[in-house]
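Student:
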Amino acid sequence: MKGPLFYSKILLFGEYGIIKDSKGLSIPYNFFKGALKTNNDSEKAKKSNQALREFASYLKELSITEPNLVSFDFSAMDTDIEEGMYFDSSIPQGYGVGSSGALVAAIYDKYAKDKITVLENLTREKLLSLKLIFGKMESFFHGKSSGLDPLNSYLSLPILINSQDNIESTSIPSQNLEGKGAVFLLDSGSIGETAPMVQIFMEQMKNEGFRNMLKDQFIKHTDACVEDFVNGNIKSLFWNLKKLSHVVLDNFKPMIPAKFHDLWKQGIETNDYYLKLCGSGGGGYFLGFTEDFEKAQEALKDYKLEVVYNF
Numbered sequence: 021m022k023g024p025l026f027y028s029k030i031l032l033f034g035e036y037g038i039i040k041d042s043k044g045l046s047i048p049y050n051f052f053k054g055a056l057k058t059n060n061d062s063e064k065a066k067k068s069n070q071a072l073r074e075f076a077s078y079l080k081e082l083s084i085t086e087p088n089l090v091s092f093d094f095s096a097m098d099t100d101i102e103e104g105m106y107f108d109s110s111i112p113q114g115y116g117v118g119s120s121g122a123l124v125a126a127i128y129d130k131y132a133k134d135k136i137t138v139l140e141n142l143t144r145e146k147l148l149s150l151k152l153i154f155g156k157m158e159s160f161f162h163g164k165s166s167g168l169d170p171l172n173s174y175l176s177l178p179i180l181i182n183s184q185d186n187i188e189s190t191s192i193p194s195q196n197l198e199g200k201g202a203v204f205l206l207d208s209g210s211i212g213e214t215a216p217m218v219q220i221f222m223e224q225m226k227n228e229g230f231r232n233m234l235k236d237q238f239i240k241h242t243d244a245c246v247e248d249f250v251n252g253n254i255k256s257l258f259w260n261l262k263k264l265s266h267v268v269l270d271n272f273k274p275m276i277p278a279k280f281h282d283l284w285k286q287g288i289e290t291n292d293y294y295l296k297l298c299g300s301g302g303g304g305y306f307l308g309f310t311e312d313f314e315k316a317q318e319a320l321k322d323y324k325l326e327v328v329y330n331f
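Take the position in the sequence shown, starting the count at 1, then add 20; the result is the number in our numbering.
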């Protein structure tokens, strides 16, 4: 057995903000991918098979507690798991690029009955319905999930989040492969755990000053960045990115490992690059934006950079 490929995703804008109805923009990232397979006796495959067994138990419980949400062909799923099915993935875990999202998309695609397919006319209702299903499925891995990662992986399309109940597939400006500008991933060299970071955020939300900052600064600049990116307004985008990077450094310090604080600040001061969170932070990847990738490379020469998009 060898299932179709599901890709990783990158939330370019909207981390944390989308919990509080900011705009967001999520794009598929084809560099990492995963697929359901059988016939492999490696330790990694066995570990994955055990995780799928636990996930299947969770989905069975979900089908009892929420019978109208989605129904799966559990007999086929159980048979495949018994035969050693595993998720063969190159998507790094704890890096903010949607490793569990791709797995959720693959399971839904293979076993959901009456599934919504990519070939249909994807109305807002269908997208929201998929997002809800995927959110409940992915909660097994994260405690609470928006469902956006699996949605992105399943559709393999950029998704524009206007608000929690208003999402649409969108197009983004074509890449300019000759351009000097780039969006890139910076490898922090450590794994970030989503649940504890979200916990810290929720604690901070109890503080009125933090809530005001989120609304008046963080969400304002996030929304502006989304508009600028989708419309290809590069000059305005970088102006807003600088502001956003500053707000994140000032207010989301627990999500940025200490050794990156100076690096973050250096980008803002030199304008060689601007860093922001990729996913929940705490480790994994950070996202970088630069108008001159060679300059950014030079400034960040001690780190591994991966280009995601060229301006």
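All C-beta atoms in this analysis are idealised placements derived from N, C-alpha and C, irrespective of residue type, glycine included.
Note that the structure is a prediction, hence the values are computed from the model and not measured.
Over what stretch of residues does the alpha helix (DSSP H) that includes GLY229 continue unbroken?
Tutor: Position 209 of the sequence shown, counted from the first residue, corresponds to residue 229. Residues 228-233.
Student: Between the C-alpha atoms of MET275 and PRO24, what's the straight-line distance to the nearest angstrom?
Tutor: Translated into positions along the sequence shown, residue 275 becomes position 255. Translated into positions along the sequence shown, residue 24 becomes position 4. Those two C-alpha atoms are separated by around 34 Å.
Student: Go ahead and pull the three-state DSSP assignment for SER173.
Tutor: As a first step, residue 173 must be located in the sequence shown, where it is residue number 153. The answer is helix: DSSP assigns SER173 an H, G or I state.
Student: According to DSSP, which residues form a beta bridge with ASN46?
Tutor: Your numbering for residue 46 matches position 26 in the sequence shown. The sequence given here places Ser at residue 46; Asn does not occur at that position. LEU31, ILE179, per the DSSP bridge assignment.
Student: Which stretch, first to last residue, makes up the alpha helix (DSSP H) that contains TYR293?
Tutor: Walking along the sequence shown from the start, residue 293 turns up at place 273. It is not in any alpha helix (DSSP H) - TYR293 carries neither H nor E in the DSSP assignment.
Student: Which ranges does the beta strand (DSSP E) cover as unbroken runs of at least 3 residues, wholly within the region 199-272, from first to last along the chain?
Tutor: 202-207, all fully within the region 199-272.
Student: Report yes if the C-beta distance between LYS296 and SER265 is below 8 Å; otherwise report no.
Tutor: Position 276 of the sequence shown, counting from 1, holds the residue named residue 296. Position 245 of the sequence shown, counting from 1, holds the residue named residue 265. Going by C-beta atoms, LYS296 is nearer than 8 Å to SER265.
Student: When DSSP builds the beta bridges, which residues end up paired with ASP100?
Tutor: For the purposes of this step, residue 100 is taken as residue 80 along the sequence shown, with counting starting at 1. Its beta-bridge partners do not exist; DSSP assigns none.
Student: Can you look up ASN69 in the DSSP assignment and give me helix, strand or coil?
Tutor: In the sequence shown, residue 69 corresponds to position 49, counting from 1. Correct three-state label for ASN69: helix.
Student: With distances taken Cα to Cα, identify the nearest neighbour of TYR128 among GLU74, ARG144, LEU150.
Tutor: The sequence position of residue 128 within the sequence shown is 108, counting from 1. The residue with the shortest Cα to Cα distance from TYR128 is LEU150.
Student: For LEU320, which three-state DSSP category applies?
Tutor: Within the sequence shown, residue 320 is the residue found at index 300, counting from 1. In the structure shown, LEU320 sits in coil (DSSP, three-state: anything other than H, G, I, E or B).
Student: Given the structure, does VAL90 come close to the ligand GDP, in the sense that its CB is under 7 Å from one of the ligand's heavy atoms?
Tutor: Among the components modelled here there is no ligand, and therefore nothing to report on the ligand GDP.
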